[in-house]
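Numbering (full-length UniProt numbering), first residue to last: 1 to 418.
For each residue, glycine too, the CB sits at the ideal point set by N, CA and C.
Keep in mind the model is a prediction, meaning the values are calculated, not measured.
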Ligand SMILES: Cc1ncc(COP(=O)(O)O)c(C=O)c1O
């Protein structure tokens, strides 16, 4: 009997902007095509790089005769969450010494954001107004908003972050937005390597941000998606987070080990919790365990074992840090080369912002019509925000990308105007 499907009324979901760009790129037959948006660190061949050290440590773990594949505890491998917490806060952090900081192993950084959002939705400010608005930077990258919405957070607002005139970060509009945010709002902040702009607040900016947040009783939810890949030094990349902890803030921080360990498919992340007292940490962790039971039951072991081994072995740790430094230097070199090519082509205006930004991402400052032009006529694919992942520009595509940007900036784009 041909019964009507129970899903007959299911509409096809719209692909995300990232998926739309990838699909268009795959269909494009041009030999010059370039896809400039993704969240992986890409090597010269355009692959998410597997660090040589990662392969070596994986083999070591697999050949250990004592390895078992039993379920991990609900909160994750204890040595992993301890190491992840120490990497974020520093081994000598008073919050660790006082047993009021700890982690929960998650499915990558996305899982950490989801678990953090669930905790906020269920337990933040339970006696008061519950979880109020959650603020994201504008522009905001990746799928952070969708992940928050997936946990039932519907009041998502934005704070100003990117200054289009300066083509960089501006602290004043952000401070103004924080001043008028309702008390106890949750503010999502990239600790470093801001996605998608690569524009970083200075330490003095962070001090002003913290001062307003403390006075207005705003709650920080930090994201640390690629610790070490912004400044080449994991401690420097966590400076803002450590500063907030030193001021006594309670906070959440979603850590990802996908990019800085090249472990995308192993889904390694941690939700870091810093609370006022150790008893509160135990209570919140116990609620996190209940939520994890309902979400994914137990976390996967492979990648977490690898990260733990590297972070606790001085020789491997030094090798990992050196790998980060090399990756960061390569990113800076690509930025320098792009800026130099644009200068040689005679592009109007300075493009210093390309080298002033840090990490994987760069906000070019191109307008929506200039982006449209690049996508429609130059086979260069990037999102409407004009932000790119610099490691997606290889030696093979650099000239074409630079020439296309030059054309986009100098042509009359009447037909691309909305
Ligand atoms: C900049 C950035 N990269 C990557 C991710 C995803 O990380 P993961 O692959 O570990 O889930 C996120 C999560 O929001 C992010 O903000």
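How would you call residue 180, buried or exposed, if buried means at least 16 neighbouring beta carbons within 10 angstroms?
exposed
Comparing C-alpha positions only, which one of 290, 320, 231 and 397 sits nearest to residue 357?
231
From this set, 39, 107 and 35, which residue's C-alpha is nearest residue 301's C-alpha?
Comparing Cα positions, the closest option is 107.
Could you tell me which of 283, 210, 38 and 402 sits nearest to residue 242, measuring between CA atoms?
210
Nearest to residue 140 by CA position, among 295, 293, 409 and 386, is which residue?
Residue 140 has its Cα closest to that of 386, out of 295, 293, 409 and 386.
Measuring alpha carbon to alpha carbon, tell me which residue in 7, 246, 23 and 21 is nearest residue 92.
246
Quick check on this structure: which residue in 133, 146 and 142 has the alpha carbon closest to the alpha carbon of residue 158?
Nearest C-alpha to residue 158 among 133, 146 and 142: 133.
Between the Cα of residue 278 and the Cα atoms of 15, 87, 96 and 51, which residue gives the shortest distance?
96
Taking the alpha-carbon positions, what's the residue 234 to residue 321 distance?
8 Å
Starting from residue 363, trace the beta strand (DSSP E) both ways and give me its first and last residue.
361 to 363
Quick one: Cα of residue 366 to Cα of residue 5, how far?
46 Å
Taking the DSSP output, what are the residues bridged to residue 253?
222 and 272
Relative to ligand 1, is the shortest distance from any of its heavy atoms to the C-beta of residue 85 smaller than 7 Å?
no
Compute every distance between the C-beta of residue 407 and the non-hydrogen atoms of ligand 1, then say whether any falls below 7 Å.
no
Is it the case that the Cβ atoms of residue 175 and residue 212 are separated by a distance below 8 Å?
yes
Under 8 Å between the Cβ atoms of residue 143 and residue 16?
yes
Following the continuous alpha helix (DSSP H) through residue 235, name the residue where it begins and the one where it ends.
234 to 237
Check whether the Cβ of residue 388 sits closer than 7 Å to any heavy atom of ligand 1, and report yes or no.
no
Can you say whether residue 94 is buried or exposed, counting buried as having 16 or more other CB atoms within 10 angstroms of its CB?
exposed
What is the rounded straight-line gap between the Cα of residue 28 and the Cα of residue 379?
7 Å
For residue 98, count neighbouring C-beta atoms within 10 Å of its own C-beta (all shown protein chains included) and say buried if the count is 16 or more, exposed if not.
exposed
Classify residue 327 as buried or exposed, calling it buried when 16 or more other Cβ atoms lie within 10 Å of its own Cβ.
buried
Is the beta carbon of residue 139 within less than 7 Å of some heavy atom of ligand 2?
This structure does not include ligand 2; its bound ligands are ligand 1.
List the whole-angstrom C-beta distance separating residue 41 from residue 229, where the pair is believed to meet the contact cut-off of C-beta under 8 Å.
With 8 Å as the limit, residue 41 and residue 229 qualify as a contact, their Cβ atoms being about 7 Å apart.
Could you have a look at residue 186 and say whether DSSP puts it in helix, strand or coil?
strand
Grouping DSSP H, G and I as helix and E and B as strand, with all else coil, what is residue 100?
coil
Would DSSP call residue 105 helix, strand or coil?
strand
Residue 169 bridges to which residues according to DSSP?
By DSSP's assignment, residue 169 forms a beta bridge with 162.
Do residue 383 and residue 26 have their beta-carbon atoms positioned less than 8 Å apart in this structure?
Their beta carbons are not under 8 Å apart, which means residue 26 does not touch residue 383 by this criterion.
Could you have a look at residue 406 and say whether DSSP puts it in helix, strand or coil?
DSSP, reduced to helix, strand and coil, places residue 406 within a helical segment of the structure shown.
Thinking just about the alpha-carbon of each residue, which of 168, 221 and 204 is nearest to the one in residue 185?
Taking only the C-alpha atoms, the option nearest residue 185 is 221.
Could you tell me the distance, in whole angstroms, from the CA atom of residue 275 to the CA atom of residue 373?
Using only the alpha carbons, I get a separation of about 49 Å.
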